[in-house]
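Engineer: Before I ask anything, let me first share the structure, which is written out below as structure tokens.
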Ligand code: NAP
Ligand code: FE
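Residue numbers (the working numbering): 184 to 549.
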């Protein structure tokens with residue numbers, strides 16, 4: 184056995200964890216940039232909880248609320264200019280993965296004055312402002328990962344970066360912020376969380392420790408999965424799914440993701456399918472492809488989910504997500520080419536992945 188494990192993020196999980204740990208949040212710095220999307224930070228109640236603490240502790244803050252779904256390099260560069268001009272000394276990302284990922288990019292750009300936004304992806308920086316993550320979706324687990332996934336129009340795909348400096352210093356994880364999430368977003372984000380746990384479980388970089396997190400997360404997803412499909416979630420399910428999301432983040436922070444994520448970016452870029460749903464639509468064929476090389480783990484995962492076969496599980500996902508879009512031959516060619524940009528995901532998948540296998544996967548999904 185040989186492995187390393189560790190994340191520098193200190194996690195506070197549970198109802199009212201921000202108010203209960205106000206001193207921790209306030210001690211991070213003296214002036215914050217709060218990074219959010221347009222509505223959800225307010226709608227979820229998370230923004231009010233954060234600003235109440237900052238105001239009570241006499242900390243200054245500016246709010247940047249322009250983060251779009253699938254944040255672009257242009258938007259984070261704009262926010263970083265403001266962060267520098269305002270001389271903020273920490274960044275608080277509130278929202279789904281999009282604002283939390285964006286806050287990581289802003290924290291790096293603000294701390295490295297002369298850096299071009301595209302240099303983020305070289306992972307060559309050595310400092311970032313301290314980052315705090317407050318998730319309002321139970322999905323990405325970005326509050327516990329170093330990764331930031333940004334949209335690059337010049338490359339027609341999403342590209343990620345992340346180093347030890349882009350882990351949030353604190354994560355405040357309170358499932359009550361997800362109560363305002365509607366059916367479609369709840370399902371898509373929860374499926375993202377599941378795919379992190381499952382892909383991390385299968386990943387070539389998985390370890391005995393990440394596996395123990397993964398089996399806990401997969402079992403927890405199985406507990407709420409059928410209620411999720413019908414959108415009949417109570418507070419305990421919401422908390423359970425938030426735990427899956429957090430564990431999923433911790434898992435992929437160690438293992439990385441695999442080719443399902445690498446492929447999903449094409450659905451998101453070209454078809455506008457939300458990130459989690461995009462991965463979920465690929466799961467049936469992804470599981471079947473990997474079954475010959477990862478039979479024991481896939482059988483164990485199915486048993487933890489309470490399912491007897493890959494198709495039984497994939498049918499539950501289909502009940503949640505519908506069917507994958509029909510692709511033309513030209514689309515399959517293009518998606519096959521673009522999927523190969525995701526070299527790390529390819530190398531991390533247990534089944535050998537090359538251009539032919541990717542094309543075969545896209546062809547079998549359509
Ligand atoms: P998101 O893109 O952050 O948000 C999706 C939508 O849900 C937005 O319209 C958002 O509204 C809304 N929303 C968020 N929380 C809400 C709430 N509590 N109530 C009502 N609406 C709410 O979604 P996400 O799935 O969490 O994040 C996806 C992004 O994370 C993708 O870019 C993906 O590539 C990335 N990702 C990152 C990692 C990582 O490790 N860092 C892992 C997986 C995925 P607002 O716009 O108003 O906020
Ligand atoms: Fe993801």
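Glycine included, each C-beta is placed from N, C-alpha and C at the ideal position.
Mapping the DSSP letters down to three states, classify residue 456 as helix, strand or coil.
Structural biologist: It is coil, neither helix nor strand.
Engineer: Using CA atoms only, rank isn't needed, just tell me which of 384, 436, 535, 359 is closest to residue 475.
Structural biologist: When each option's Cα is compared against that of residue 475, the closest is 535.
Engineer: What's the gap between the Cα of residue 390 and the Cα of residue 238?
Structural biologist: Roughly 43 Å separates the two Cα atoms.
Engineer: Any heavy atom of the ligand FE closer than 8 Å to the Cβ of residue 390?
Structural biologist: False, no ligand heavy atom lies under 8 Å from that Cβ.
Engineer: Just checking my contact of residue 522 with residue 449 at CB under 8 Å: how many whole Å lie between their CB atoms?
Structural biologist: Confirmed, about 6 Å.
Engineer: Cβ-heavy atom distance between residue 494 and the ligand NAP below 8 Å?
Structural biologist: Answer for residue 494: no, Cβ out of range of the ligand NAP.
Engineer: Checking 9 Å against the spacing of the C-beta atoms, do residue 367 and residue 254 come in under that value?
Structural biologist: Cβ atoms of residue 367 and residue 254: not closer than 9 Å.
Engineer: Do residue 451 and residue 461 have their CB atoms nearer than 9 Å?
Structural biologist: Taking 9 Å as the Cβ cut-off, residue 451 and residue 461 qualify as a contacting pair.
Engineer: What are the boundary residues of the alpha helix (DSSP H) that residue 325 is part of?
Structural biologist: Segment: none, residue 325 is in no alpha helix (DSSP H) and carries neither H nor E.
Engineer: May I have the straight-line CA-CA distance separating residue 464 from residue 384, to the nearest angstrom?
Structural biologist: Looking at the two C-alpha atoms, the distance is approximately 19 Å.
Engineer: Measuring CB to CB, does residue 378 end up less than 9 Å from residue 440?
Structural biologist: Closer than 9 Å, so yes.
Engineer: Counting C-beta neighbours from all protein chains within 10 Å, is the total for residue 193 16 or more, i.e. buried, or is it exposed?
Structural biologist: Looking at its Cβ environment, which holds fewer than 16 other Cβ atoms inside 10 Å, residue 193 is exposed.
Engineer: Looking at the strands, I want to know which residues DSSP matches up with residue 404.
Structural biologist: Paired residues: none, contrary to the question.
Engineer: Pull up the DSSP beta-bridge partners for residue 276, would you.
Structural biologist: 218, 316.
Engineer: In terms of residues, what are the limits of the alpha helix (DSSP H) holding residue 180?
Structural biologist: Because the chain is modelled from 184 through 549, residue 180 falls outside the range shown and cannot be assessed.
Engineer: Could you check which residue in 279, 388, 530, 503 has the C-alpha nearest to that of residue 184?
Structural biologist: When each option's Cα is compared against that of residue 184, the closest is 388.
Engineer: The ligand FE and residue 375: does the residue's C-beta get closer than 8 Å to at least one heavy atom of that ligand?
Structural biologist: Because some heavy atom of the ligand FE lies under 8 Å away, the Cβ of residue 375 counts as near it: yes.
Engineer: When you compare each of 236, 195, 511 to residue 327 by their alpha carbons, which one comes out closest?
Structural biologist: The shortest Cα separation from residue 327 among 236, 195, 511 belongs to 195.
Engineer: With DSSP as the reference, please indicate the residues paired to residue 331 in a beta bridge.
Structural biologist: Looking at the DSSP assignment, residue 331 forms a beta bridge with 344.
Engineer: Report the residue from 408, 395, 309 whose alpha carbon sits nearest the alpha carbon of residue 375.
Structural biologist: It is 408.
Engineer: Just how far apart, CA to CA, sit residue 284 and residue 276?
Structural biologist: Straight-line Cα distance between these residues: approximately 8 Å.
Engineer: Which whole-angstrom value describes the C-beta separation of residue 496 and residue 488, a residue pair presumed to lie in contact below a C-beta threshold of 8 Å?
Structural biologist: Yes, residue 496 and residue 488 are in contact; Cβ-Cβ is about 6 Å, under 8 Å.
Engineer: Take the Cβ of residue 258 as the centre, count every other Cβ of all protein chains shown within 10 Å, and call the residue buried at 16 or more, exposed below.
Structural biologist: Residue 258 should be labelled buried.
Engineer: Could you check which residue in 313, 319, 187 has the C-alpha nearest to that of residue 281?
Structural biologist: Nearest of 313, 319, 187 to residue 281, Cα basis: 319.
Engineer: Kindly list the residues whose CB is nearer than 6 Å to the CB of residue 260, restricted to its own chain and excluding five residues on each side of it in sequence; keep chain order.
Structural biologist: Once the five neighbours on either side are set aside, the close Cβ partners of residue 260 are 300.
Engineer: Given this structure, state the Cα-to-Cα distance separating residue 330 from residue 413, to the nearest angstrom.
Structural biologist: Taking the straight line joining both Cα atoms gives about 31 Å.
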